[in-house]
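J.: Structure in structure tokens, see below.
Number of protein chains: 2
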Amino acid sequence: MTYRAPIEDILLSLNHGAGLQAAVAAGHLGDYDSEITAQVLEEAGKFASDILAPLNRIGDKHGIKLEHNKVTTAPGWPDAYQRWIAAGWNAVSGPEQFGGQGLPSAVNAVCTEIWASSNMAFGLCPLLTLSAIDALHAHGSDALKNIYLGKLVSGEWTGTMQLTEPQAGSDVGALRTRAERAADGSYKIFGSKIFITYGDHDMTDNIVHFVLARLPDAPAGTKGISLFLIPKFLVNADGSLGARNDIFPSGVEHKLGIHASPTCTMTMGDHGGAIGYLIGEENRGMQCMFTMMNQARLGVALEGVGIADRAYQQALAYAQERKQGRAIGSTSTGSDPILKHPDVKRTLLLMRALTGAARTICYSTAVALDVAARSDDPKIKADAAARAALLTPIAKAFSTDIGTEVASFGVQIHGGMGFIEETGAAQHYRDARIAPIYEGTNGIQSIDLVTRKLGVNGGASVWALLDELSVIVKNVEACNDPAFGATGPRLRDALEALTRASKYLLEKLGSSTNEALAGATPYLRLFGSTLGGCALAAEALAARDLDNVGDPARYVTLARFFAENVAVQAGALERSVVDSAGALASADAVLTA
Amino acid sequence: MTYRAPIEDILLSLNHGAGLQAAVAAGHLGDYDSEITAQVLEEAGKFASDILAPLNRIGDKHGIKLEHNKVTTAPGWPDAYQRWIAAGWNAVSGPEQFGGQGLPSAVNAVCTEIWASSNMAFGLCPLLTLSAIDALHAHGSDALKNIYLGKLVSGEWTGTMQLTEPQAGSDVGALRTRAERAADGSYKIFGSKIFITYGDHDMTDNIVHFVLARLPDAPAGTKGISLFLIPKFLVNADGSLGARNDIFPSGVEHKLGIHASPTCTMTMGDHGGAIGYLIGEENRGMQCMFTMMNQARLGVALEGVGIADRAYQQALAYAQERKQGRAIGSTSTGSDPILKHPDVKRTLLLMRALTGAARTICYSTAVALDVAARSDDPKIKADAAARAALLTPIAKAFSTDIGTEVASFGVQIHGGMGFIEETGAAQHYRDARIAPIYEGTNGIQSIDLVTRKLGVNGGASVWALLDELSVIVKNVEACNDPAFGATGPRLRDALEALTRASKYLLEKLGSSTNEALAGATPYLRLFGSTLGGCALAAEALAARDLDNVGDPARYVTLARFFAENVAVQAGALERSVVDSAGALASADAVLTA
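In order, the protein sequences belong to chains W and E. In case it helps, UniProt numbering puts the first sequence at residues 1 to 593. In case it helps, UniProt numbering puts the second sequence at residues 1 to 593.
In structure tokens, the structure reads:
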């Protein structure tokens, strides 16, 4: 079955859950005219359904090929990419000065979800180009921007991010790729990188690589890393392509999923050194890379949402069609669709509720980024930046965890057919699995949340967010609608659990970081579940007051189901946060072969 | 890395968690000499490490081939199978009268885990043969037994179970394969079956198919189904092989996992009809099939345990080896193994604790089956049979759910390497995913638990079990060992939540089955978590008193970790059980495309 962008859900989430509408109304987004949001997203949905979704299974089956140092993508891939740039999709949120449409990154976040949902392996390529654009725009010299930025914004060229080496994964500081200063101000780069997404391909005639390397006199660790721009083909003064640069794909990985996305080993310097240009300052490459990584982390979070939504759509369609047995109380004469069985219903509700919760967390992160970038008020900018920083690890880890969970439920709904590759449910299960890993494993996101985000300004950022959630809970309770069931009390309990857990961790951070870290993963889940539950409740409340929502009651049911079945776990998660350090202190004796 | 059977964990679980030792001591297992348990299991572990584990990745890569109506298995497969039968592994629990060793099925349950852990695709073949043996032994005529049973027990021939047709999956009663009575008392079978595991292969010179079909004058639904034995090659009076029977593999599936296990479409009757022999009575095939299915359900449950344990072993080894970054508080000069990071520790503890809990639930089911089969006391036999019936759906669903969860954690621990197929972690993630589906989806197990098992004798079976758990909780509390942390209170809360949820469901079953079914899945998880938590606690208490356990403290830590991080979710699960019907009543409006 094909993919259809769930525009109604998306707009409710973006405008009312994530607060884009309020931010625009308050003037925090400059002159953005939010009237066009729906139109852009409808078009994105159409492109995804018509062009990207049909290539998803083809890409999975064909994968990619590396021959003679060149990667060939799956049939139809280069053509789809050309349509993609022709339709302007690469430039949605790109800077206007360089040919972009300058739309809010929140709008592009929705698009990112839509691309990932229709074809995750395809959407990954522009995702990395966007990160490259951000880094170059923020840190590059005008000369480099003038040559490369327009082509990256349009998508005529794609970008890569090259951090990882065999000994340097999560520990980027351990990298060994080296850079030598050349007489003309450029650099020669030698070394090799692994796990480079779209490190080579045949969809564009040039690729702009962003590579971390170390200068000979650089300090050890992350303080001695510099970022270089290394084009696949050098660019002449007139913008035409020159010589092939000394950076080649020397291997590709055989992966569990996203088969159509080439994952390359890149080798630099076998022919005298790859010519690279410094981005930002020497030894300040990590800062530039963090710009790319935050953008990429939100992008990966949206992959989690996208793949979850796709798995849900496919499972729902199957459950509507597949007839098997009679449901209890059924009055039909033959078999009933399996959707009639309570357990299938609950699984599908769970899939949709988890997806919706993760979606709003991601969109909220994007809205915060937009406000931080576009507001005129320094205090509002700073608060929004802190909000975005706080939400990023939650968005990344919660969304990608539920992405794999929901994809797994999708397989389950299909029964035996789910295990057969032709059905397509299994592809989502395989594709989804990378998202909790790349751009910082979800374990690292939890550590980031606890050690770097929670404690900013003594927790001010967290308390401000929790205060907002508390207003939502009050509104649910005040509305007195029995359709909400136990939503109010469950969310209140969750919020109180999250508050206590946050205080506990802030205290522990001062005395024993390891004890705080023991509970980092359940804390992130607690945070995500509480945020997500409140977001769905806020959307349900908003839907009741809106004219353009077809059936507001459905959003109440979703919010209720999430609160009663997911947010309800908050108390247990809080206890895990607090208790974990005890058992972990004796873990070494258990964890022996 | 290879596989090593965790014999110490296994023996503690089998003898003290699952109560084999007490059952033997009480004389419920006839003359079984439990001294030999350890020796048998050590040998099984050796066979698995030496012969089966090395073929696991080969089988995954090569898969199987169907050409000219014949299936060829992966290189090394037929040879390994011959060693398997030569070593007597197929006959462990087979009836002595037909050449079996007559060991308790609990011992064979451990073996089943070991085979699945080392090579799930291989272990699946004898698993189905065992089911066939059970059905034939229980329901077959002496004539059929004399011809087929010995060969099945030794493994010289393998067995298949053929229920599923495209329109008849979970709804077996919808099957259309038809049987015609022949003049000589045999039958001719026409039709086709799908998803037939090891429906054809080249490891033995004959295959004995057990096929459900419908006679022309049979009543509709499950009451009109008969079970037939259909040999691939007919067997002459002297036991030699005769003509090729009219049952052929006409297709094989391209699956997510267990690539080395052929999943066949079987076609019968293209050449005049497959000759079949009735097992049991006409139209009573479902009863016979249930014999096979219960055995197979426990077997699949053990696949969940096995794959979880394998994923754990591999993840632990990786975490010990892989160095990345410095752990907080580390005094080492270079990078630390990732095992030093609290979040990696907690993930590995969770993997091991979930695996251990599921293991004991499975072994307990097997011990109950043994007592039911071997005790001289009718009351004890009946109680044990009821216990086994109650535990089977929990064992199946809980173990296979945690199998996929643990395999997914295993991928995560490997970081980017986990997504690369060569690493092997991804294979476990793919292989594990079938177990929650086949032999009755886990949703169906929950329904079985709630509608068929919970209410037996007004819940007497459940209350008896909960009373036993309550003794364990008291013992934990009484031991006053601070190393148990919050184990006592967490398990007490879990037990109380389970008790209340059971009462709620028993009440609802009388008034509204659909409302009861709405909470079936969280109820099964609640049951599994409580059982598992108590089992680990019982094992920890036992370990402290045993001389032959290397480090009893490790089992205390495991029990504690499970209670504080898994069993602690009981309260939330109870609330899901009770609350689910509310939101589900409005689900139809949400679950539309």
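Positions of the beta carbon are idealized from the N, C-alpha and C atoms, including for glycine. Nothing here was measured: the structure is a model prediction, and the numbers come from that model.
Could you say if the region 401 to 409 of chain W and the region 348 to 358 of chain W meet the contact criterion of at least three C-beta pairs nearer than 8 Å?
T.: With a cut-off of 8 Å, the region 348 to 358 of chain W and the region 401 to 409 of chain W count as touching, because enough Cβ pairs lie within range.
J.: Roughly how many angstroms lie between the CA atoms of E:T72 and E:V92, to the nearest whole one?
T.: Numbered from its first residue, the second sequence carries residue 72 of chain E at position 72. Numbered from its first residue, the second sequence carries residue 92 of chain E at position 92. About 27 Å.
J.: Tell me the DSSP bridge mates of W:S192?
T.: Locating residue 192 of chain W in the first sequence gives position 192, counting from the first residue. Bridge partners of W:S192: W:T267.
J.: How would you list, in chain order, the residues of chain E whose beta-carbon sits under 7 Å from the beta-carbon of W:R554?
T.: In the first sequence, residue 554 of chain W corresponds to position 554, counting from 1. Correct list: A589 and V590.
J.: Please give me, in chain order, every unbroken run of the beta strand (DSSP E) with length at least 3 that falls completely inside the region 239 to 294 of chain E.
T.: Within the region 239 to 294 of chain E, the complete beta strand (DSSP E) runs of at least 3 residues are 241 to 244, 247 to 252, 263 to 268 and 274 to 279.
J.: In terms of residue numbering, what span does the alpha helix (DSSP H) encompassing W:E439 cover?
T.: Sequence index remark: in the first sequence, residue 439 of chain W carries index 439 (1-based). Element bounds for W:E439: n/a, residue is neither H nor E.
J.: E:M161 bridges to which residues according to DSSP?
T.: Stepping through the second sequence from its first residue, residue 161 of chain E is reached at position 161. Bridge partners of E:M161: E:F210.
J.: CB W:I230 to CB W:L136, shorter than 8 Å?
T.: As a working mapping, residue 230 of chain W is identified with position 230 in the first sequence. As a working mapping, residue 136 of chain W is identified with position 136 in the first sequence. Not a contact, by the Cβ cut-off of 8 Å.
J.: Listed in chain order, which residues of the region 308 to 339 of chain E have Cβ atoms closer than 7 Å to some Cβ of chain W?
T.: Per Cβ criterion, the list reads L316, A317, Q324, G325, I328, G329, S335 and L339.
J.: Residues of chain E with a CB under 8 Å from the CB of residue 604 of chain W: which are they?
T.: There is simply no residue 604 of chain W to check, as chain W begins at 1 and stops at 593 in what is shown.
J.: Using the three-state DSSP reduction, which class does E:I58 fall into: helix, strand or coil?
T.: Residue mapping note: residue 58 of chain E aligns to position 58 of the second sequence, counting from 1. In this structure, E:I58 counts as helix in the three-state DSSP scheme.
J.: Using a Cβ cut-off of 7 Å, which residues of the region 492 to 507 of chain W contact any Cβ in chain E, in chain order?
T.: So the list is empty, because no residue satisfies the distance condition.
J.: What residues from chain W crowd round E:Q569, counting only those whose CB sits closer than 8 Å?
T.: The sequence position of residue 569 of chain E within the second sequence is 569, counting from 1. What E:Q569 touches in chain W: Q569 and A572.
J.: If I follow the unbroken beta strand (DSSP E) through W:S186, where does it start and stop?
T.: The residue given as residue 186 of chain W occupies position 186 in the first sequence. Where W:S186 is concerned, there is no enclosing beta strand (DSSP E), given that its DSSP letter is neither H nor E.
J.: With burial defined as no fewer than 16 other Cβ atoms inside 10 Å of the residue's Cβ, what is the status of W:E96: buried or exposed?
T.: Working through the first sequence from its first residue, we reach residue 96 of chain W at position 96. Per the 10 Å Cβ criterion, exposed.
J.: Using CA coordinates, which residue listed in E:T129, E:Y277 and E:G415 is at the minimum distance from E:G94?
T.: In the second sequence, counting from the first residue as 1, residue 94 of chain E sits at position 94. Among E:T129, E:Y277 and E:G415, the Cα nearest to that of E:G94 belongs to E:T129.
J.: From what residue to what residue does the beta strand (DSSP E) around E:L229 run?
T.: Taking the second sequence and counting its residues from 1, one reaches residue 229 of chain E at position 229. Unbroken beta strand (DSSP E) run through E:L229: S226 to P231.
J.: Does DSSP put W:A168 in a helix, in a strand, or in coil?
T.: The count along the first sequence starts at 1 and reaches residue 168 of chain W at position 168. It is a strand residue.
J.: Report the residue from E:H68, E:R490 and E:W77 whose alpha carbon sits nearest the alpha carbon of E:D60.
T.: Here residue 60 of chain E is taken as the residue at index 60 of the second sequence, counted from 1. Among E:H68, E:R490 and E:W77, the Cα nearest to that of E:D60 belongs to E:W77.
J.: Classify E:N245: buried if its beta carbon has 16 or more other beta carbons within 10 angstroms, exposed otherwise.
T.: For the purposes of this step, residue 245 of chain E is identified with residue 245 of the second sequence, where counting begins at 1. Under this definition E:N245 is a buried residue.
J.: Could you name the residues of chain W that E:P262 contacts, counting a contact when the two beta carbons are closer than 7 Å?
T.: Taking the first residue of the second sequence as 1, we reach residue 262 of chain E at position 262. Here the premise fails: no neighbours, minimum Cβ distance about 13 Å.
J.: Since W:V344 meets chain E, which of its residues come closer than 8 Å, beta carbon to beta carbon?
T.: In the first sequence, the residue the question calls residue 344 of chain W occupies position 344. Within chain E, the residues near W:V344 are G443.
J.: Note down, in chain order, every chain W residue with its Cβ under 7 Å from the Cβ of residue 662 of chain E.
T.: Only positions 1 to 593 of chain E appear in this structure, which leaves residue 662 of chain E out of reach.
J.: Using a Cβ distance threshold of 8 Å, determine whether the region 165 to 177 of chain W contacts the region 308 to 328 of chain W, with at least three qualifying pairs required.
T.: Touching, no.
J.: Would W:G63 and W:H259 qualify as a contact pair, given that the criterion is a beta-carbon distance under 8 Å?
T.: If you number the first sequence from 1, residue 63 of chain W lands on position 63. If you number the first sequence from 1, residue 259 of chain W lands on position 259. Yes; because the gap between Cβ atoms is below 8 Å, this pair is in contact.
J.: Kindly indicate which three-state DSSP category W:E67 falls into: helix, strand or coil?
T.: Locating residue 67 of chain W in the first sequence gives position 67, where the first residue counts as 1. Strand at W:E67.
J.: Roughly how many angstroms separate the alpha carbons of E:E539 and E:A559, rounded to a whole number?
T.: As a working mapping, residue 539 of chain E is identified with position 539 in the second sequence. As a working mapping, residue 559 of chain E is identified with position 559 in the second sequence. Using only the alpha carbons, I get a separation of about 8 Å.
J.: What residues are listed by DSSP as bridge partners for E:I420?
T.: Within the second sequence, residue 420 of chain E is the residue found at index 420, counting from 1. In the DSSP output, where bridge partners are listed per residue, E:I420 has W:K255.
J.: Residues of the region 161 to 172 of chain W in Cβ contact with chain E at a cutoff of 9 Å, in chain order, please.
T.: The region 161 to 172 of chain W vs chain E, Cβ under 9 Å: T164, Q167, A168, G169, S170 and D171.
J.: If you measure between the beta carbons of W:V252 and W:L66, is that distance less than 8 Å?
T.: Here residue 252 of chain W refers to the residue found at position 252 when the first sequence is read from its first residue. Here residue 66 of chain W refers to the residue found at position 66 when the first sequence is read from its first residue. Against a cut-off of 8 Å, the Cβ pair of W:L66 and W:V252 comes out as a contact.
J.: My parser needs the alpha helix (DSSP H) runs of 4 or more residues fully inside the region 70 to 152 of chain E; what are they?
T.: Taking only runs of at least 4 residues, the alpha helix (DSSP H) segments lying wholly in the region 70 to 152 of chain E are 77 to 86 and 105 to 139.
J.: Please list the terminal residues of the continuous alpha helix (DSSP H) segment that includes W:Y555.
T.: Numbered from 1 along the first sequence, position 555 holds the residue referred to as residue 555 of chain W. Unbroken alpha helix (DSSP H) run through W:Y555: P552 to N565.
J.: Can you give me the Cβ contacts of E:R291 inside the same chain, cut-off strictly under 6 Å, excluding the 5 residues immediately before and after it?
T.: Reading the second sequence from its first residue, position 291 is the one you call residue 291 of chain E. Position check: residue 291 of chain E holds Thr in this sequence, whereas Arg was assumed. If we look at E:T291 and ignore the five residues flanking it on each side, its Cβ neighbours are D134, A135 and A138.
J.: Taking W:N514 and E:I437 to be in contact with their CB atoms under 8 Å, please state how far apart those CB atoms are, rounded to whole angstroms.
T.: Taking the first sequence and counting its residues from 1, the one referred to as residue 514 of chain W is at position 514. Taking the second sequence and counting its residues from 1, the one referred to as residue 437 of chain E is at position 437. Rounded, the Cβ-Cβ distance is 40 Å, inconsistent with contact.
J.: Can you list, in chain order, the residues of the region 113 to 147 of chain W whose Cβ is nearer than 9 Å to any Cβ on chain E?
T.: So nothing in the stretch comes that close.
J.: Using a Cβ-Cβ cut-off of 8 Å, state whether E:G416 counts as contacting chain A.
T.: No chain A appears in the structure shown, which is made up of the protein chains W and E.
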